[in-house]
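Student: Everything in the sequence shown is counted per the numbering used here, starting at 11 for the first residue and increasing by one. Beta carbons are placed, not taken as given, at the ideal position from N, Cα and C, and that holds for glycine. Keep in mind it's a predicted model, so treat the numbers as computed, not measured. Handing you a structure now.
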Amino acid sequence: MEDLPEAMMTEILKKITRTSDLNSLSLVSKQLYNIEGNQRGAIRLGSGLCTATESLTSLCARFPNLRKVEINYSGWIPGWIPGHGNQLDSKGLFVFSSHCSSLIDLTLSFCSYIDDSGLGCLSYCKTLVSLRLISAPQITSIGLFLVAVGCTSLSALHLIDCEKIDSIDWLEYLGRNGSLEELVVKNCAGINHHDLLKFGSGWMKLQKFEFDRKRGRYDDALIGDEVYDSSYDAHNMDIYDFCCENLKDLRLAHIKTWPEIGLRVVLGKCKALENLCLEYVHALNDNDMIALSRSCSNLKSISLLLTRQLYSSDVSYCETRTSFTDKSLYALALNCRMLQIVELKFTACAPDWPSDIGFTQQGFLVLIQSCPIRVLVLNTANFFDDEGMKALSSSPHLETLELIVCEAVTDVGMRFIAHTPCLSNLTLRMCNRVTDVGVAELGRAHKLESLVIDYCHAISLQAAQGVAKSVHYSMDRSAALWKKIGFDDDWWMKWSPKFSV
11 MEDLPEAMMT EILKKITRTS DLNSLSLVSK QLYNIEGNQR GAIRLGSGLC TATESLTSLC
71 ARFPNLRKVE INYSGWIPGW IPGHGNQLDS KGLFVFSSHC SSLIDLTLSF CSYIDDSGLG
131 CLSYCKTLVS LRLISAPQIT SIGLFLVAVG CTSLSALHLI DCEKIDSIDW LEYLGRNGSL
191 EELVVKNCAG INHHDLLKFG SGWMKLQKFE FDRKRGRYDD ALIGDEVYDS SYDAHNMDIY
251 DFCCENLKDL RLAHIKTWPE IGLRVVLGKC KALENLCLEY VHALNDNDMI ALSRSCSNLK
311 SISLLLTRQL YSSDVSYCET RTSFTDKSLY ALALNCRMLQ IVELKFTACA PDWPSDIGFT
371 QQGFLVLIQS CPIRVLVLNT ANFFDDEGMK ALSSSPHLET LELIVCEAVT DVGMRFIAHT
431 PCLSNLTLRM CNRVTDVGVA ELGRAHKLES LVIDYCHAIS LQAAQGVAKS VHYSMDRSAA
491 LWKKIGFDDD WWMKWSPKFS V
C-alpha cells in the first residue's frame, strides 16, 4: 500500500469516517500515520486528556490541521476514576490556541479550570468562527470581551450555564463591530432579556437567536399572582429602534416580560423568520402573535409550549388560561401560508377544564386546513377529540402525527386518521382511550411506515405488531418517558412518587 501515490492514499482515508478505524490505520505505516494526522480535521477530548504542556504540544503536532475541537469534562471526578487527572487549564488552552492555526470551531464543556486569561488566548485564533462555552464557572464578561475584540471572524457564540457572566460590554462590542450570525444564551443568571436588546445593530446580522432564562425549580408549573393585560399591544410602541430582518430561527424560553416589554418586540420585527419556538414566555397575548404573523410570511415551523396565566382586559373579570386564543390561530392561518410544522404543548391544563387552553378545536382546525402542515405534535391538548381527528384525516400534506396525553381521542379517531392520504408516521404516548380496536384500524389501512406506542395501557404488544414497517412499543413509565412527554428532571424528581406503579 505504501507504493500508492500520497494523493490517492489521502483520498482513500477521506472515505473512512470512524475515528477508531482511522486510529487503527495510522498504526499500519509511518506514511499512513503522517497522512492521517495531517488530514484529521476534528477531535473530541475528555477526562483522559494529558494536560502536560509537552503532551499538548505533541498532540497539536500530531494533528496540525485541526479545525474543530471539543473538550468535554462532563462527569469528571478527579481521583475517583482511573485516568481522570487534572483538567485542561488556561495554560493548556494557550497551547491549543497558539498551535492550531486552522481552528474554526471550539467547544469547551465543563472546563472549570479555564478562566478569563485562558479564554483571552483565543485572540490568537484569528480564524475562529464558532465558540461554545458550556458550564464554564470561571469565565466572566472580561474574558468574553477579549474574545469579542480578538476573534474578528466569530459568527456563532453559545453561552450555556455560565454563571459569572453579567455585564454586557462584550455584547455591545459585538453588536457594533462583530459579525455574529448565531447567538445562543441559556441559563446564564447574570444576563436578562432586556440586556440582549443592547446588541443594537448586531441584530441585523443575526440569523439564529436563542434565549433561555435561568430559572428556579418548578417555575413552569406555578401560576404567579400577576394579572396580564390581554389587550396590551407592545408592537404599537416604538421604544426599541433596531432591525432583525435576517433572523430565521428564534427561540425564547422562560421569559417574564411584564411589566416591561423586553424581547417580545422582536416578534414583530423578523421578516425572514422560518422557525419559531416560544416556551413558557409570560405576558404574551394575541397582539404579539398577530404582529408576528403579519411580518413573517415565510414561517415554516412553530412550537408553542404554554402554561396557564392570569389574563384580564377588564378590571371586573379575570380568567386563567394559556397565552393565546383563536385570534392568534386565525392570524397564522391568514398570513403564514407556508407553515409546515406545528407543535402545541400545554402544561398544568386539566382535561375537564377546556377553558384552561385559549385555543378551541374550531380555531385549531382553521389553521390546519389553511396551511400545508406536514408534521403535527399535540401534547395535552384537551380541546382535541375524534371530530378533530376526522378533520385531520382530510389533510393532504400531513405525514407525521404525534399525540401525547390526548385523552379525548379514541378508537373512532384512529379509524378516521387511518385514511389520511400521506400519513406515514404516528406516535401515541399515554393516549389511554385508544385500544387494540383502534390500532387494528390502522393496520387495515396498510399505510404506516412507523408506529410508536409509549405507555398506552389499553394497547397490547400483540395488537401493535405488524401495523407498520417499524414498530416501537414500550410500557416503561420511567423518567425517560416523562422527558419524551416534555417534562424535565426537576419535574420528575418532584412528582415521580405520585406516578409510581
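#1: On the three-state DSSP scale, how would you describe L461?
#2: At what residues does the alpha helix (DSSP H) containing L377 begin and finish?
#3: When DSSP labels each residue in this structure, what does D126 get in the three-state scheme?
#4: Tell me the DSSP secondary structure of T335 in three-state form.
#5: Identify every residue that forms a DSSP beta bridge with F356.
#6: Please list the segments of the beta strand (DSSP E) lying wholly inside the stretch 375–422, counting only runs of 3 or more residues, in order along the chain.
#7: Going by alpha carbons, who is nearest to S140 out of H109, E80, G153 and D171?
#8: Can you grab the Cα-Cα spacing for the pair A62 / G102, in whole Å?
#9: Rounded to whole angstroms, what is the Cα-Cα separation between T162 and G188?
#10: What residue from V477, N202, S307 and L316 has the CA that sits closest to F295's CA?
#11: In or out: W363 buried (at least 16 other Cβ within 10 Å) or exposed?
#12: For the beta strand (DSSP E) holding N82, just list the boundary residues, first then last.
#13: Curious, which full-length beta strand (DSSP E) runs of at least 3 residues does the stretch 113–190 contain?
#14: Determine the burial state of S165: buried for a count of at least 16 other Cβ atoms within 10 Å of its Cβ, exposed for fewer.
#15: Could you check which residue in I414, T390, E417 and P431 has the C-alpha nearest to that of A401?
#16: Near H203, what residues of its chain come up, given a Cβ to Cβ distance below 8 Å and the 5 sequence neighbours on each side ignored?
#17: Between the Cα of C381 and the Cα atoms of S122, C359, G212 and L342, which residue gives the shortest distance?
#18: Under the three-state reduction of DSSP, which class applies to D245: helix, strand or coil?
#19: Using alpha carbons as the reference points, say which of T117, E192 and L314 lies closest to C287.
#20: Given a threshold of 16 other Cβ atoms within 10 Å of its Cβ, counted over all protein chains shown, does C70 qualify as buried or as exposed?
#21: Using the three-state DSSP reduction, which class does K196 fall into: helix, strand or coil?
#22: Ordered along the chain, which non-local residues of its own chain (more than five positions away) have a Cβ less than 6 Å from that of I300?
#23: Any idea which residues DSSP pairs E289 with across the strands?
#24: Which whole runs of the alpha helix (DSSP H) in the stretch 430–455 are 4 residues long or more, in chain order?
#25: Tell me which residue opens and which closes the beta strand (DSSP E) that K101 is part of.
#26: Around the C-beta of A478, are 16 or more other C-beta atoms found within 10 angstroms, so that it is buried, or is it exposed?
#27: Does DSSP classify F209 as helix, strand or coil?
#28: Is the CB-CB distance between I285 and M348 below 8 Å?
Tutor: For this structure:
#1: Here residue 461 is taken as the residue at index 451 of the sequence shown, counted from 1. Looking at L461 - three-state DSSP - the assignment turns out to be strand.
#2: By 1-based counting over the sequence shown, the position of residue 377 is 367. First-last of the alpha helix (DSSP H) with L377: Q371 to S380.
#3: Numbered from 1 along the sequence shown, position 116 holds the residue referred to as residue 126. If DSSP states are grouped into helix, strand and coil, D126 belongs with the helices.
#4: Position 325 of the sequence shown, counted from the start, is the residue given in the question as residue 335. Residue state, collapsed to three classes: coil.
#5: The residue you call residue 356 lines up with position 346 of the sequence shown. According to DSSP, F356 bridges with L316.
#6: Listed in chain order, the complete beta strand (DSSP E) runs (minimum 3 residues) inside the stretch 375–422 are 385–389 and 410–414.
#7: Residue numbering aside, residue 140 sits at position 130 when the sequence shown is read from its first letter. The shortest C-alpha separation from S140 is found at E80.
#8: By 1-based counting over the sequence shown, the position of residue 62 is 52. By 1-based counting over the sequence shown, the position of residue 102 is 92. Taking the CA atoms as reference points, A62 sits about 8 Å from G102.
#9: Here residue 162 refers to the residue found at position 152 of the sequence shown. Here residue 188 refers to the residue found at position 178 of the sequence shown. Cα-Cα distance, rounded: 7 Å.
#10: Numbered from 1 along the sequence shown, position 285 holds the residue referred to as residue 295. Residue 295 is actually Asn in this sequence, not Phe. Comparing Cα-Cα distances from N295 to each of V477, N202, S307 and L316, the minimum goes to L316.
#11: Taking the first residue of the sequence shown as position 1, residue 363 is located at position 353. In this structure W363 is exposed. Its beta-carbon is surrounded by fewer than 16 other beta-carbon atoms within 10 angstroms.
#12: Taking the sequence shown and counting its residues from 1, one reaches residue 82 at position 72. Going by DSSP, N82 is part of the beta strand (DSSP E) stretching over K78 to N82.
#13: Taking only runs of at least 3 residues, the beta strand (DSSP E) segments lying wholly in the stretch 113–190 are 115–119, 140–144 and 166–170.
#14: In the sequence shown, the residue the question calls residue 165 occupies position 155. That one is buried.
#15: Working through the sequence shown from its first residue, we reach residue 401 at position 391. Cα-wise, what sits closest to A401 is P431.
#16: By 1-based counting over the sequence shown, the position of residue 203 is 193. Short of 8 Å from the beta carbon of H203, and not among the five residues preceding or following it, lie these beta carbons of its own chain, in chain order: F221, R223, L262, I265, T267, G272 and L273.
#17: As a first step, residue 381 must be located in the sequence shown, where it is residue number 371. The shortest C-alpha separation from C381 is found at L342.
#18: Within the sequence shown, the letter at position 235 stands for residue 245. Correcting the residue type first, residue 245 is His in the shown sequence and not Asp. Collapsing the DSSP output to three states places H245 in a helix.
#19: Here residue 287 refers to the residue found at position 277 of the sequence shown. It is L314 whose Cα lies nearest to the Cα of C287.
#20: Walking along the sequence shown from the start, residue 70 turns up at place 60. Buried is the call here.
#21: Mapped onto the sequence shown, residue 196 falls at position 186. DSSP places K196 within a strand segment (E or B) once states are collapsed to three.
#22: Locating residue 300 in the sequence shown gives position 290, counting from the first residue. The beta carbon of I300 sits closer than 6 Å to the beta carbons of A341 from its chain, once the five residues preceding and following it are set aside; these are given in chain order.
#23: Reading the sequence shown from its first residue, position 279 is the one you call residue 289. DSSP lists A263 and L315 as partners of E289.
#24: DSSP runs (the alpha helix (DSSP H)) wholly in the stretch 430–455: 446–455.
#25: The count along the sequence shown starts at 1 and reaches residue 101 at position 91. Where K101 is concerned, there is no enclosing beta strand (DSSP E), although the alpha helix (DSSP H) it sits in stretches over S100 to H109.
#26: As a working mapping, residue 478 is identified with position 468 in the sequence shown. So A478 ends up on the buried side.
#27: In the sequence shown, counting from the first residue as 1, residue 209 sits at position 199. The DSSP-derived three-state label of F209 is helix.
#28: If you number the sequence shown from 1, residue 285 lands on position 275. If you number the sequence shown from 1, residue 348 lands on position 338. First, the amino acid is wrong: residue 285 is Asn here, not Ile. M348 sits away from N285, with the two beta carbons spaced by 8 Å or more.
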